[in-house]
Amino acid sequence: MRLQRLDLERFGHFTDRSYDFGTGLCADGDRPDFHIIYGPNEAGKTTTMEAALRLFYGFPMREGYAFKHPRNNLQVSATLEIDGTVRRFTRLPKRSGALMDETGTVLPEAALSAHLAGLSEEDYRQLLCLDDETIERGGEEIANAQGDIGRLLFSAAAGVADLSGVLDGVRERADALWKKRGRTTRIAELKRELATIESEIRESDVTASAWKGLKQALSQAQHAEDEARATRNALFATKARIEGQRRALPLMAEISTLEARINAHPDTPVRLDFDPERLIALRTDHGTATANIERITKEIAALETQIAEITVDPERLELAEDLDALHDLSIRDRGAQLDLTRRKDELRAAEAAMLRAAQDLGAAHDVAPQSLALSQAEIAQLEQARDALIDARKSALNEARELADLTEKHDAAQEALEATETTSETADAPRVTDILARFDVDRLAPAHASALQTIHAAEARARKSLSALRMGAVTFETLPPCPGTQTQAQLWAERHNELTRAVQDAREKCAEHRETLAALTARAEALTAGGTVTSDREEETLFAAREARWAEHLGTLDEGSARAFREALLQHDTAMKTRVAHASELGQLRQIEQDKAEAQTRAEHAEARLKEVQAECAELEASVTALAEQAELPTPLTPAEWLDWVNRHATAEEDAEALRTAQETHRSTLERAKRLCAALAPLLPFEPVDLDEAMTAARQIAEAERHQAETEAKAREHLAQVQRDLDKRKAKHQTAQSAEAEAQQNWQALVAALLGDQVQPDTVMASLAPLRDLREQEKARATALRRVEAMEADQTRFAQEVTRLAEAQGLELRDSPAETYAALKDLCEQARTAHEKAKDLSDAITRAQAQLSANTDRLREIEHEVATIAAAFPDPDALTDIDALRQRVQQAAQVIAEREELARLRQTVMAELDVPDMDTARTRLANLSLAELDAAMESNQADLAHAEEALTQAIERRSTAAGALKQVTGDADIATLEEKKATLELELEEAARAHLELSLGHYLASDAIRRYRDSHRSGMMAATERCFSDLTHGAYPTLSTQPDRDAEVLMAVAADGTSKRASEMSKGTRFQLYLALRAAAHEQLVAQGTCLPFFCDDIFETFDETRTSAACRVMETIGRRGQAIYLTHHRHVVDIAQKVCDTPPVVHEI
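Going by this note's numbering, the first residue of the sequence shown is number 13, and it counts up by one from there.
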């Protein structure tokens, strides 16, 4: 992604500020995409960089650049090239819909953020937007692969940018499962729960006999409760029967009263099929209809009297049509009386104005002004011809001036060319350009620089490798021969490790066997210490002593030998008895003796093996020492140390061979550079020290030669161009003169054709205003004349018509036709008023008659509805009066209501007594009184109280027994606890297995990531090393890392071999290192397909001119991979960049 155009519509102090970065400049690989934005302090360079970040990531809630425009009005837009496609984005400070395209359509944030490679705004600032703060703040993190930005660069280069966070999550999950001495982990909690459940299981148990007794007690208590409940329920039923009888007795009296009243009106209908309240509405409507009939009859008689008194004249009614026809004519008559005088004045004024305009044109007094009035088209023709003549005269005058100016320019160009040719002929400038072209310096110079850099880097690596061969006080100036091979050293080191382990194993086995032997000896001594057990050796000794005494006794046969034999015999017999009595201990003793013999043998074999391995190890160490002495290394050396030295020697040999290869590879390039210096030396004003100095001076001389040639070529081209322009201008001047003459002739001819000889062409040429005035006044005169004639004709016609109508009506004429017309209108109005009044009275009579008919019909409808209601009774003829009918209906409604109440009371009594009919109910209540029922109720209440108390006690006994039994077998507590215990044990096993998997996985993944990151880190380290060497002109050709606790510290190795940390460098050198790290990181990101704009905000301030030049070339290199934008207020940085870059950068000035 790159910026093609950045627009700061409203941001910071900018309003409609734009930067056009053009299309992808490095698309063809020839021109880098390197831009410099230059402006004085406070011009807005940092504001520009911040605007780009706002476009990418949006506006913060507290915007520091809203000091001129309010935050809600800020707007930043850009045209971006994304994967070859040009897209337009606009960013607004909104919570939603903040990103839009060129049509104003709202876009999701992913439309832009998807092309930012997952970089957050802070990551982008630390990595691709450098200023004095961010370049130093993130430098150490980048160098040591620490922090977010360091991890981003080195880990992203390895493709594992997000795995560290993932591994942290894995570690947290493992610690949440188990952690040493942790009390809140999952396993600790499961252990506590398991211990609690095991304790509960141990505390819960009961015997079978106790359980059987509890169950029998529960059964007895349940039976007692059932009996108590049945007794109480029977008493409740008795109570309910007595209460029902007490409620039914009063109701029976009410039933008898209602039956008597209902039987008094046997002919009352069962129900009324109409609303009784309807009779009230009918009575009201009947009275209203009767009153209306009387009133309307009187109104009709009065209206007929009034209409008979009115007289209508039909002839005067017809006069209205004639007067309406004269209405428009009467209006024009009144207008003419008011406007005729003014219109005549306008006619005279227009004729006077035309006469003045004719005099302005210079016409004679006898010329009629109307003859000079032209049409609009004719005046337009005159105006067009006049403008053409004026334009032709101006064009001819302008062409004459241009011709004079070009003639002067031609003379000046001729003089400049002659002066340039004189300089070219007399100058003796050396032709350095040809030499540079012959040696193809554009290719030779970078090749020579690359060759020197490669050779210097190879020399530094060779020196570093040779220095690495140092051991103790022994150092080497040249590469010494190696008396051994890497394979032999590797085999010796591996064999020595094996022998070392074998010696250790042999020593451990010897010690083990000696310990076993000592333990067996101690066990045997413990068995024989008390004399209770006689060993086989002791028994054999006693047996030999007995046989010896027996032999002596046979030889002497005396008392002394017999006594000695007897003692030996007794000792042997005692030992045999002891052995028989302690046969098991004797067996153990025999086994111990066998084990001691075996342990002694094994110990002897182990000691022999130890001596053999030690001898071989000493022999191997002697061989290594001999080779080390041949290499003049300090002795003694272990095989591992010898292998390390041999490997370093192989590395030194490779670096030395690489140096020889580099020197041989670039030999031709260096020789061509020497020949070029030799060729340029005679032509330069001084003796060059090296190729760079010679090239600098030669380029300046070549530039002067090129400038001289370009100046002469430009002078020639300028003269040729001026000559071509002069020839064209002469032709245009001739054409303009011809056009002027033609326009003059056309003008005179047109004036003569339209005005004849009455007006001179020069007079009309001065101004066309009199002609336009004549035309306008002619229009005004004609209009006024036409209106005066029309008004006089309207007045005459109106007077004639009014006179005719007045004579027809026998009306005397007034002083004017208008007054006569008004009198005729009065007569017509009187006739119209009489006619309208008669018509209104006739309509009123019609409406009254209709109301009379409606009220009569309503009266008949009421009488019919009353007759229909009365038909429901046995004597309808006696009920024609509405009031009598109402009384009869009210009586019937009361009887019907009493019937319904009687039915309800009967149902209530039968329900209270629970009987099927009233006869049974009367039988039940025949001999009962309220006093007897009250006495029975009191007795029942006392019985109920005793029954309730008995039931309560039974329930308590049953509940107690059930509770006691439930505590034993009421639920599956023990089984539930056992199930929970088994579940917890399974969960504990699963948690332990999960912790083991997570811990092992974390260890293996961490080790793999470390090794993978180290392998990729070397690639970025090499890129940083090349860039830093270029920036420092080889002062620091090598970079290395040094372990420091759990991290690695970046070290820069100077050309003299001195190592420095970043904190030990000067600020300028440290900034160069940090810039090299960013450039290398940018190269890594581009290699992965992430190409984003790279910004630098005046970070070269601490660089001298030499290092600034190198930094500009680094920016140019970044521009070849992507887009590089440098913002500065130092003019010399712009000049240096334009001078040292192969292709000068594009400069945008603020």
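Just so you know, even glycine gets a beta-carbon here, dropped at the ideal spot from N, CA and C.
Starting from residue i and walking both ways along the alpha helix (DSSP H), at which residues does that stretch end?
| i | result |
| --- | --- |
| Leu864 | 829-882 |
| Thr35 | Careful: Thr35 lies outside any alpha helix (DSSP H) and carries neither H nor E. |
| Thr1044 | Run containing Thr1044: none; DSSP gives neither H nor E here. |
| Gly1080 | 1079-1099 |
| Glu5 | With the chain covering only 13 through 1162, there is no way to say anything about residue 5. |
| Ala731 | Residue 731 is actually Leu in this sequence, not Ala. Element bounds for Leu731: 703-767. |
| Pro458 | 453-479 |
| Arg193 | Arg193 -> no alpha helix (DSSP H), and no H or E assigned at all. |
| Thr11 | Because residue 11 is not part of the residues shown, which for the chain are 13 to 1162, the question remains open. |
| Gly70 | Here Gly70 belongs to no alpha helix (DSSP H), and DSSP marks it neither H nor E. |
Considering only DSSP beta bridges, list what residue i is partnered with.
| i | result |
| --- | --- |
| Phe488 | In DSSP, Phe488 forms no bridge with anything. |
| Leu1051 | Ala1064 |
| Ala1136 | Phe46, Phe1106 |
| Arg100 | Thr91 |
| Glu1161 | Tyr50 |
| Val118 | Met112 |
| Thr27 | Arg22 |
| Arg17 | Asp32, Thr91 |
| Met61 | Partner(s): none; Met61 has no beta bridge. |
| Cys141 | Phe1107 |
| Met483 | Val486 |
In whole angstroms, give me the CA-to-CA distance for residue i and residue j.
| i | j | result |
| --- | --- | --- |
| Gln600 | His525 | 20 Å |
| Arg273 | Asp893 | 27 Å |
| Ala743 | Leu731 | 19 Å |
| Asp827 | Lys310 | 52 Å |
| Val1036 | Arg455 | The question names Val, but residue 1036 in the sequence shown is Thr. If I take the Cα positions, the gap works out to 25 Å. |
| Glu717 | Pro697 | 15 Å |
| Thr1053 | Ser1071 | 10 Å |
| Pro1156 | Asp667 | 38 Å |
| Leu864 | Arg307 | 9 Å |
| Gln138 | Asp737 | 59 Å |
| Ala170 | Gln720 | Note that Ala170 scores 47 on pLDDT, short of 50, meaning its location in the model is unreliable; the coordinates nonetheless yield the value given after this. For Ala170 and Gln720, the distance between alpha carbons rounds to 55 Å. |
| Val898 | Glu924 | Checking the displayed sequence, the identity of residue 898 turns out to be Arg instead of Val. C-alpha separation (whole angstroms): 39 Å. |
| Leu165 | Glu653 | Low confidence applies to Leu165: its pLDDT is 48, below 50, so where it sits in the model is not reliable enough to give any reading. |
| Ala501 | Glu624 | 22 Å |
| Thr438 | Leu429 | At Thr438, the pLDDT of 41 sits below 50, so the modelled position is not reliable; the number obtained from the coordinates is stated separately. The straight-line gap from Cα to Cα measures roughly 14 Å. |
| Asn275 | Ser268 | 11 Å |
| Ala474 | Leu124 | 49 Å |
| Val1145 | Phe1040 | 19 Å |
| Leu871 | Thr296 | 11 Å |
| Arg1125 | His25 | 32 Å |
| Arg1163 | Leu92 | Here the chain has residues from 13 to 1162 only, and residue 1163 is not among them. |
Are residue i and residue j closer than 8 Å when you measure CB to CB?
| i | j | result |
| --- | --- | --- |
| Tyr77 | Phe33 | no |
| Ala846 | Ile322 | yes |
| Leu682 | Ala463 | yes |
| Val486 | Pro651 | no |
| Ile1130 | Ala1122 | no |
| Ala905 | Pro278 | no |
| Gly70 | Arg103 | yes |
| Ala332 | Gln789 | no |
| Val658 | Gly496 | yes |
| Ala1064 | Leu1051 | yes |
| Val901 | Thr280 | no |
| Ala973 | Ala229 | yes |
| Tyr136 | Phe68 | yes |
Starting from residue i, trace the beta strand (DSSP E) both ways and give me its first and last residue.
| i | result |
| --- | --- |
| Arg679 | Here Arg679 belongs to no beta strand (DSSP E); instead the alpha helix (DSSP H) covers 679-692. |
| Ser1071 | 1071-1073 |
Length-filtered (4 minimum) alpha helix (DSSP H) runs lying within the region 650-680: Complete alpha helix (DSSP H) runs here, min 4: 651-677.
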